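The block underneath contains the structure these notes are about, expressed in C-alpha cells.
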Amino acid sequence: MADEDELRSQMIDAFEEADYPISSPMDLVPALPNGPSTKFESGDFSMTAMELNTKLSGGDFPYESPESFVDDVIEQLNEQDEI
C-alpha cells in the first residue's frame, strides 16, 4: 500500500523548482530531476512523471504552487484507486 504523505513529499520535492504559476504539465518537465522519467514510489505504487501525466484528467490549471498541484494529483490518484 502506498503512503500518501511519502508520495506527496516526493512530488513536492520534484515539482517545487518549476516556475509558478504553471499553465500545463509541460511547464513541470524542466524542473523534474530526471525529466519525464522521474519516478515516484511508495509501497506497491510506482509511476514515472510521464505515466502520471497520462492518468490525470486535465487538472485545474493554472496552479499557483507545487502544493496545490500535488494536492490535485493525489486526489485524482485516490479517485482512480491508484493509491
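Every position in the sequence shown, counted from 1, becomes a number in our numbering once 293 is added. We treat Cβ as the ideally placed atom computed from N, Cα and C, and that holds for glycine. Computed from a prediction, not measured in an experiment: that's the story for all the values here.
Open item on the list: Spatial neighbours of residue 386 within its chain, please: C-beta separation below 7 Å, excluding the five flanking residues on both sides.
Closed with: Examination of residue 386 is not possible in this model, given that the chain is present from 294 through 376 alone.
TODO: Check whether the Cβ atoms of residue 357 and residue 314 lie closer than 7 Å to each other.
DONE: To locate residue 357, count along the sequence shown from 1; it is residue 64. To locate residue 314, count along the sequence shown from 1; it is residue 21. Yes, the pair counts as a contact, with Cβ atoms nearer than the cut-off.
Task: Cα-Cα separation between residue 333 and residue 355, rounded to whole angstroms - done: For the purposes of this step, residue 333 is identified with residue 40 of the sequence shown, where counting begins at 1. For the purposes of this step, residue 355 is identified with residue 62 of the sequence shown, where counting begins at 1. Cα to Cα, the separation comes out at about 22 Å.
TODO: Go ahead and label residue 304 buried or exposed: buried means 16 or more other beta carbons lie within 10 angstroms of its beta carbon, across all protein chains shown.
DONE: The count along the sequence shown starts at 1 and reaches residue 304 at position 11. The Cβ neighbour count for residue 304, taken over all protein chains shown within 10 Å, is at least 16; the residue is labelled buried.
TODO: Helix, strand or coil for residue 333, going by three-state DSSP, please let me know.
DONE: Position 40 of the sequence shown holds residue 333. Strand.
- [ ] Please confirm whether residue 295 and residue 338 have their CB atoms less than 7 Å apart.
- [x] Position 2 of the sequence shown, counting from 1, holds the residue named residue 295. Position 45 of the sequence shown, counting from 1, holds the residue named residue 338. Result yes, Cβ atoms of residue 295 and residue 338 sit closer than 7 Å.
TODO: Please report how far the alpha carbon of residue 320 lies from the alpha carbon of residue 343, in whole angstroms.
DONE: By 1-based counting over the sequence shown, the position of residue 320 is 27. By 1-based counting over the sequence shown, the position of residue 343 is 50. Between the C-alpha atoms of residue 320 and residue 343 there is a straight-line separation of about 13 Å.
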